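Heads up: the protein sequence lines correspond to chains B and H, in order. Counting along the first sequence from 1, when you hit position 66 you're at 61 in our numbering, and nothing is skipped either side. Counting along the second sequence from 1, when you hit position 130 you're at 167 in our numbering, and nothing is skipped either side. The beta carbon of each residue, even a glycine, is placed where N, CA and C say it ideally should be. Predicted, not measured: the structure shown is a model, and the values here were computed from it.
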Amino acid sequence: MSSAKTTLQARHLVRSFGAGETKTTVLQEVSLDLYEGEVALLMGPSGSGKSTLLAVMSGLLRPDSGEVIALGQQIWQMSENEQRRFRLRHCGFIFQGFNLFPSLTAREQLEMVLRWSGGISSREAERRVEEILLRLGLEHRSDLTADQLSGGEKQRVAIARALLKEPTFCFADEPTSSLDWHNGEQVVQLLRTAARERGATIFIVAHDARIIPYADRVYYLEDGRLCGKAISQP
Amino acid sequence: MHNMEMGSIRVRVPYSLLLIGRERGRYLPAILAVAFCAQLNILQWGVLLGTLSVLSMPIDRSGAEVWVASRNALSLELGHPIPNEWEARVASQPGVERTETYLFGFGYWHKPTGGSEVCIVVGSHLGAQALGALVDLTPDMRARLTEPGAVVVDAAELDRLGIHGVGDAAEVFGHRVFVVGLLHGFKSVGGPYVFCSQRTARMILPLFQEKPHDTMYLLARCRNATAVHELIERMRQYPDLSAFTREEFSRRTRWYWLTQTNAGIGMGCTAALALLVGLVVTSQTLYAATAASLREYAVLRALGIARWRMGAMVLAQSFWVGLFGVAVAMPVIFMLGSAANFAGARVLLPAWLFIGGNVLTMAMALASGLAALRSLRLVEPITLLR
């Protein structure tokens, strides 16, 4: 048993797509726990249901049955607006690809998130953007537009965008897939640092086995079922 | 928003404006569509107003404050003769300073070069205090017009009348007329105006040869505004008369032409078409711009940012596109309007037309923004998880 606090629990999650003869059950009674300050890695072959599990656990895709309990709250019993507010307050996301506005600078992409999130003064927004740019080594590239940044820099901006609000959870779907290992390793290190320094719960879905040494816990999903027990690393 | 340092002042530029500025190529078609829409609308109405203003110009440029006509006269051209002796009805009213008869009719102008042209003959008194005479007639012209057969025409109508200038002669219904002066700005979309004395008008217009004791209108000037309205009220009590202030009769004449001919309907249809073209191009451009950033918006949605923030950005972009379109259109409208006026066409561009046209154009741009909001329905974070 881990001594860390459980922050996110998935219980008996079932999710299928299609109907009738074409119905495919992607998640079959999946249960797992994620912990504060840890990096959890979910691996598995293509089509095994990894991204679906991430979507269900992060509140983006409703399961057919089962429950997701985040910080003691059943997220699939919340209204759509409550879910959105929960994500606004507690969740960061990193998706495949960078998904940055091509003509906005790194700084503008980040400021946009803070300003549109509301509840924060302009001065505070600027301070936090400055701080995260510095932390991610982007301070000299902050006034370049996304089009002018390298792939590694773009992914660091995407990570900065996910961690900017200092979320409780950070969900990352194949965060290294568009990068060489040098840049990919940096990305994983940044996520691990977020877990260690701020106690964030990081959930990474990936194919890349080189990430394993950076994870505190590794899950393996095959045909919609978790195989064996989670491998807990020292 | 984005902060820009300008000296010691920090200017906050909205993201909507930043994206338009940095992706000019993407937004240019919408800006040009809005500009086209504004130009077409304002210039068209400017041309129409110019055309209509010529139709009422004999009223607008007269010194008469009150126009008394036959019953229910719809416009200047549509009066019927009334007895001269009814002038006493007008003159006997309190507060009336001066009254006059005024002749108006259509004639055939036989060109010295052959062929003929329908013309509009306007016969008025010519004295310095005369009510019906155009204020544009110089004392010299007024003196020369007292000679029977003397007429004044617009300089831009000389070709149409088959003459070259002052001193040239022609015939109207077989009566010799000769030009003693030229005016400017009276080029008509109907027949050319032929201004003359009452004596000449009675000589050349068969209608008033048949009815020598009739006039087309009775004009009056009063001591003050109250007297004007009292006179009109009293004249309207006669079942066989109608009466108007100068402004009312002018507006009535223009309104008749606007609504009862196809000019107004045609112009309205073209204006609506221009708005529709602007609406479609602008909304499609904004839709495409938003659709191109669906993945970026989807990330923001995943992060919990409310959909209305993105909607507000699309609407703000439609506002900026409208504003830039109007800004592009204004100098072009001025240039084309000036060029048209220089070429002899009459284009009126009053301030209210600019304001109205631009408000309509901005409303169209914002409506296209509203139409483009449907693209945000496609923003779903789940689409980012492959």
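Query - Limits of the beta strand (DSSP E) - the one that ASP28/B falls within - result: 19 to 30
Requested in this report: In the DSSP assignment, find the unbroken beta strand (DSSP E) run with MET350/H in it and report its ends.
Outcome: Note, MET350/H: premise wrong, no beta strand (DSSP E); alpha helix (DSSP H) at 344 to 379.
Query raised in the report: For CYS306/H, which option in ALA170/H, LEU65/H, ARG49/H, TRP82/H has the closest C-alpha, if you only look at C-alpha atoms?
Result: TRP82/H
Query - Straight-line Cα distance separating SER53/H from ALA404/H - result: 17 angstroms
Query raised in the report: How long is the line joining the alpha carbons of SER375/H and LEU220/H, rounded to whole angstroms?
Result: 20 angstroms
**Report entry** Residues within the region 127 to 138 of chain B neighbouring chain H, beta-carbon criterion of under 7 angstroms
**Finding:** none
**Report entry** Own chain, CB closer than 8 angstroms to LEU113/H, minus 5 neighbours either side, in chain order
**Finding:** LEU92, SER93, PRO95, ILE96, PHE141, PHE286, THR290
Query raised in the report: How is the alpha helix (DSSP H) around GLU77/B delimited, first residue to last?
Result: 75 to 85
Query raised in the report: Going along the region 403 to 420 of chain H in order, which residues come within less than 9 angstroms of chain B, judged by CB to CB distance?
Result: GLU417, PRO418, ILE419
Query raised in the report: What are the partner residues of HIS147/H, as DSSP defines its beta bridges?
Result: SER153/H, GLU208/H
Query - Neighbour list for MET107/B in chain H, Cβ cutoff strictly below 7 angstroms - result: TYR52
Query raised in the report: Using the beta-carbon of each residue, which ones in chain B are nearer than 8 angstroms to GLY341/H?
Result: Here the neighbours are ARG79, ARG80, PHE81, ARG82, LEU83, ARG84, CYS86, SER112.
Query raised in the report: In the structure shown, what three-state DSSP assignment does CYS306/H receive?
Result: helix
Query raised in the report: Can you check whether the CB of TRP111/B is closer than 8 angstroms to the CB of ILE342/H?
Result: yes
Report task. Out of SER161/H, SER225/H, VAL103/H, state which residue places its alpha-carbon closest to the alpha-carbon of LEU85/H. Result -> SER225/H
Query raised in the report: Alpha carbon to alpha carbon, how far is SER107/H from PRO149/H?
Result: For SER107/H and PRO149/H, the gap between their C-alpha atoms comes out near 36 angstroms.
Query raised in the report: Span of the beta strand (DSSP E) holding GLY61/B?
Result: 60 to 65
Query raised in the report: Closer than 8 angstroms, CB to CB, is VAL358/H near chain B or not?
Result: no
Query raised in the report: Could you check where the beta strand (DSSP E) with TYR214/B kicks off and where it finishes?
Result: 212 to 217
Requested in this report: Report yes or no: is there a C-beta of chain H within less than 8 angstroms of the C-beta of ASP168/B?
Outcome: yes
Report task. Starting from the beta carbon of ALA50/B, find every residue of chain H whose beta carbon is closer than 7 angstroms, and list them in chain order. Result -> ILE419, LEU422
Report task. Compare the C-alpha of ASP168/B against each of ILE154/B, VAL51/B, SER46/B, GLU126/B and name the closest. Result -> SER46/B
Query raised in the report: Closest to CYS156/H by CA distance: which of PHE143/H, THR296/H, THR175/H is it?
Result: PHE143/H
Query raised in the report: Looking only at C-alpha atoms, which of PHE356/H, ALA380/H, ARG258/H, SER412/H sits nearest to GLN166/H?
Result: ARG258/H
Query raised in the report: In whole angstroms, what separates the C-alpha of PRO170/B from that of LEU77/H?
Result: 52 angstroms
Report task. To the nearest angstrom, report how far apart ARG344/H and LEU413/H are at their CA atoms. Result -> 8 angstroms
Report task. Report yes or no: do the region 186 to 201 of chain B and the region 28 to 44 of chain B share at least 3 C-beta pairs separated by less than 8 angstroms? Result -> yes
Query raised in the report: How big is the Cα-Cα spacing for CYS222/B and ILE64/B?
Result: Roughly 22 angstroms between the two C-alpha positions.
**Report entry** Neighbour flag for PHE240/B against chain H, beta carbons, 8 angstroms
**Finding:** The structure shown has nothing for residue 240/B, since chain B only spans -4 to 229.
Query raised in the report: SER173/B and GLY146/B: beta carbons closer than 8 angstroms?
Result: Taking 8 angstroms as the Cβ cut-off, SER173/B and GLY146/B qualify as a contacting pair.
Query raised in the report: Nearest CA to the CA of LEU316/H: which residue from LEU268/H, TRP104/H, GLY359/H?
Result: GLY359/H
Query raised in the report: Candidates SER98/B, SER60/B, PRO208/B: which alpha carbon is nearest THR230/B's?
Result: Residue 230/B is absent from the model: chain B starts at -4 and stops at 229.
Query - Any C-beta of chain B under 8 angstroms from that of SER45/H - result: Confidence at SER45/H is low in this model, with a pLDDT of 46, below 50, so the placement of that residue is unreliable and no value is reported for it.
Query raised in the report: To which residues of the same chain is GLY394/H closer than 8 angstroms at the C-beta, ignoring the five residues directly before and after it?
Result: ALA75, ASN78, ILE79, TRP82
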